[in-house]
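Step one of this worksheet: look at the structure below.
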Amino acid sequence: MTFLGAARSLRQRRERRRGPGFDWVPYLFVAPALAIFILFAVVPIVHSIVISLFEWDGLTEPKWVGLRNYATLVTNRQLRETFLHPITLFLFYSLIPIGLGLLLASVLSSARIRFFTTYRAILFLPYVAPSILVAISWRYMYALDGPINEVLRMLGLGAIARAWLGDFTFALPAVGFVGSWVAFGFVMVLFIVGIQKIPTSLYEAARVDGAGRLHEFWHVTLPGLRSELVIALVLSTTSSLQSFTLVFLLTRGGPGNATNVPAYAIYRAGFVLGEAGLAAAAGVILTLSVVGLVWAITRLDRADR
Amino acid sequence: MTKRGELAFNYAILTAFAVFALYPLLAAVAASFQSTTLLEGLLPIPREVTVDNYARAWTVGRFSSAFVNSATIALLMVPLATIVSILAGYAFGTMRFRGARALFLFFVLGLIIPPEGTIIPLYWDMRAIGLTDTYLGVVLVQVAKAIPFGVFWMRAFFVSVPQTVLDASSMDGASPMATLRLVLLPAAAPAVGTLLLLNFMATFTDFITPLVLIQDPAYRTVPLAFLTFDSNPRAAGDVTGQLAAAVISAIPIVIAFVVFQRQFVKGLLGSSLK
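See the structure below:
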C-alpha cells in the first residue's frame, strides 16, 4: 500500500469516528506561536500598565500612586525633552534615507548599469551590519582624532572639528546621521523593487507626451512608489522610537540629556535609577505612541487612495 | 545631458555612495589591526597588521564563554522560533477558521510594539519564575519577539500556494500535517531558509534582552561580552581594543551572511512586499 493510500484509509477511519464537528486543527497549529507570544510579549505589556500605576524601586514594596508617573512624564522638563528627541531622529531616519533611496534607486534602475548586484549589495550592507559594529565604527568616525575631523582639518575647516558625540548641539544629529547611513541602502532596495513593478507602458506614455526626466520622475515613478513610501515611513517611525543599542553604545543618552531617547530612558530609569513605575509608564506611552503613529500613517495612506 | 554624460554621472553617484556605505566599517576594521587608530592618509588599509588588539579583546571580554552561550541560545532559539512560525503561518495561509483575521492582526501588532515597552516587567516576571540568568529565559523572550515577523513571513509564502495543490493533497487523504511536511515544505525551502537566517541574526545580535535578563557574567552572550570589554576601566582609552571587540562580535553574522547571501536576497526579493 502506498504511503498516501495508507494515510487515506487511516483518515477515513478517523473521519467516520469523528463526524462533523468543531475543527480544532487550525487552532492547534496556531497555538504554540500564540502561547509563547502571549506569555512573553503580551503579558509583560499588561503588567507594564499595572506597574506604571505604582512607585517602585524593584526591591521594596510598591506604593500606589495612580497616574502620578504619567503626570511626571509631562511636567518634568528632561523627560519631555526625551520624548521630543525621536522627532529629530525621525527626520534623519526618514527624510534622508528616502531622499537618497529615491535618487539611488532611479540611478541604479536606469538602463545599462554594470555591476548592478555589486552596487546593490554594497549599498545594502550598512543595514545588515550588526549594530555593535555600526555603533563602534561610528564612535570611531566621530572621535576627536577620527576620520571626520581629520578630513575637516585637511580641508582647512579645523575650526569646526569637535568631539561630535560629546557636543550638546550636535550629538543628537550625529546619532541621527548614523541612522540615515544604516537605512538609506535598505530604502533604496525597497524602491528598486517598487520601480520594477511600475508598468513600462506608463513611462512610454509619458515619453510620448514629451515628458522630460524630471516630469517622468514626479508623475510616474513617485506615485508608483506609494506603498513602498508608506513602508519606509512606518519603519523609520518604529526605529526612531527605539534605537536603544545605538544610543547606549554611542552616548549613553549624553551629554547631559542631549541624546536621551525614550527607549534608553526607560532602561536607565528602571534598572539604574530604581524608578520602575516611572519607567513602566514611559514604556506604556512609548508603545501607545508607536502604535498610534503607525495607525495614523496607514490611515492617511488608505484615505488618500 | 548627453547619454554618455548621464551614464558617467550615474556611476559617479553610485561609487560615491558605495564609498560612503563602506568607509566607516572598513576604517574601523583596518584600525582594529593597528596599534594606534591613525590611518595612513585616511585610507581604510592597515599600516601594520597586529593581532594584539584581538587577543586583548578576546581575553578581557571573555569571548570564549560568550560564544558558547550565544551559540547555545541560538541553537535553541532559531529552530523553535522557525518551527512555531511555520506552523502558525501554515494555518493562517491555507486554512479558513473563525477568528483567523483577528488572531493574525494580533500577531502583526507585535511587529510594532517596541521591546522597551516590555523589558521592565519582563525582568521582574522572569526573576519571579527563576528564569533570569538562564538560557531558557533568554530563548523564550527572543522567540516571542521573533514570532510576529516569522508568522507574517510564512503566511505570505503559504498564501501563494495554489489551492489546487492543497486540494489535491487533501483528496489524496493526507492530513494537514502530512501536507505541510511532504508537499509544501520542500517548496518553502527558500522562505524557510531566509527566516532561519533572520532569526539567527536576531538572536546573535540581540543586545537588550540579555542585558536585562542576565546579571551573571558566566552567562553573558557575545553582545554583552563586547560590553564587558567596553565598560572595563582599563579599556576606556583602548580604542583599538574596542574596535577589535566589535569586529569579533560581528564575525558570526558576516560568516552566516556570506554563506547564505544568495538565499537571503532571493528570499527577500522573491516575495511580494504586501
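Line by line, the protein sequences are chains S and W.
For the first sequence, position 241 matches number 363 in the working numbering, and the numbering has no gaps at all.
For the second sequence, position 33 matches number 325 in the working numbering, and the numbering has no gaps at all.
Quick reminder that beta carbons are idealized off the backbone N, C-alpha and C, glycines included.
Asked, Found
"Quick check: the Cα distance between T420 of chain S and T342 of chain W, rounded to an integer number of angstroms?", "52 Å"
"Counting contacts by CB-CB distance shorter than 8 Å, is Q200 of chain S in contact with chain W?", "no"
"How far does the alpha helix (DSSP H) with F366 of chain S in it reach, from first residue to last?", "F366 to L372"
"Using only CA atoms, which one of W:L335, W:L403 and W:Q553 lies nearest to V164 of chain S?", "W:L403"
"Could you tell me which whole alpha helix (DSSP H) segments of length 4 or greater appear in the segment 189-268 of chain S?", "190-197, 199-231, 238-250 and 253-263"
"When you check each C-beta in the segment 246-267 of chain S against every C-beta of chain W, which residues fall closer than 9 Å?", "F246, L247, P248, V250, A251, P252, S253, I254, L255, V256, A257, I258, S259, W260, R261, Y262, M263, A265 and D267"
"Report the residue from S:T291, S:L355 and S:R390 whose alpha carbon sits nearest the alpha carbon of W417 of chain S.", "S:L355"
"Assign I412 of chain W to one of two classes, buried (16 or more other C-beta atoms within 10 Å of its C-beta) or exposed (fewer than that).", "buried"
"With contact counted as at least three CB pairs below 8 Å, one residue from each stretch, are the segment 348-367 of chain S and the segment 203-213 of chain S in contact?", "yes"
"Taking a Cβ distance cut-off of 8 Å, strictly less, list which residues of the segment 403-414 of chain W are near chain S, in chain order.", "I404, I405, P406, P407, E408, G409, T410, I411, I412, P413 and L414"
"Closer than 8 Å, Cβ to Cβ, to anything on chain W: give me those residues from the segment 331-351 of chain S, in chain order.", "S349 and E350"
"Output yes if chain S places a C-beta closer than 8 Å to the C-beta of Q507 of chain W; else output no.", "no"
"Give a yes or no on whether the C-beta atoms belonging to G442 of chain W and I167 of chain S are separated by under 8 Å.", "no"
"Measuring straight from C-alpha to C-alpha, what distance separates L351 of chain S and P338 of chain W?", "40 Å"
"Candidates S:M276, S:Q200 and S:I220: which alpha carbon is nearest R348 of chain S's?", "S:I220"
"Hey, how far is the Cα of A304 of chain W from the Cα of L224 of chain S?", "16 Å"
"Is the CB-CB distance between A517 of chain W and F325 of chain W below 8 Å?", "no"
"Sort W:A466, W:Q553, W:F450 and W:S327 by Cα distance to M493 of chain W and report the nearest one.", "W:Q553"
"Are there 16 or more other CB atoms within 10 angstroms of the CB of T409 of chain S, so buried, or fewer, so exposed?", "buried"
"Kindly list, in the order they appear in chain S, the residues whose Cβ is closer than 8 Å to that of V352 of chain W.", "Correct list: empty, because the minimum Cβ distance to chain S is about 15 Å."
"Would you kindly report the start and end of the unbroken alpha helix (DSSP H) that includes S302 of chain S?", "A293 to K319"
"F325 of chain W by DSSP, collapsed to three states: which one?", "coil"
"Output yes if chain W places a C-beta closer than 8 Å to the C-beta of D434 of chain S; else output no.", "No information on residue 434 of chain S is available, as it lies outside the stretch 123 to 427 that chain S covers here."
"In or out: Q434 of chain W buried (at least 16 other Cβ within 10 Å) or exposed?", "buried"
"Within 10 Å of its beta-carbon, does W286 of chain S have 16 or more other beta-carbons around it, so buried, or fewer, so exposed?", "buried"
"Quick check: what's the CA-CA separation for S461 of chain W versus F306 of chain S?", "44 Å"
"Contact between the segment 251-266 of chain S and the segment 532-543 of chain W is defined here as three or more beta-carbon pairs at a separation below 8 Å; is this criterion met?", "yes"
"Return the chain-ordered list of same chain residues with a C-beta closer than 8 Å to the C-beta of R139 of chain S, the five sequence neighbours on each side being excluded.", "Residue placement at R139 of chain S is poorly supported in this model, since its pLDDT is 44, which falls under 50; the coordinates are not used for a value here."
"How many angstroms separate the CA atom of L335 of chain W from the CA atom of A479 of chain W?", "46 Å"
"Just to confirm, is the Cβ distance from L230 of chain S to I407 of chain S under 8 Å?", "no"
"So for G141 of chain S, helix, strand or coil by DSSP?", "With a pLDDT of 46 at G141 of chain S, under the threshold of 50, the predicted position of this residue should be treated as unreliable, though the coordinate-derived value follows. Three-state result, G141 of chain S: coil."
"Check whether the Cβ of S232 of chain S lies closer than 8 Å to any Cβ atom in chain W.", "yes"
"Look at V431 of chain W and L379 of chain W and say whether their C-beta atoms are less than 8 Å apart.", "no"
"Taking DSSP as the reference, what is the three-state secondary structure of F290 of chain S?", "coil"
"In terms of residues, what are the limits of the alpha helix (DSSP H) holding V394 of chain S?", "Segment: none, V394 of chain S is in no alpha helix (DSSP H) and carries neither H nor E."
"What's the gap between the Cα of W178 of chain S and the Cα of L247 of chain S?", "43 Å"
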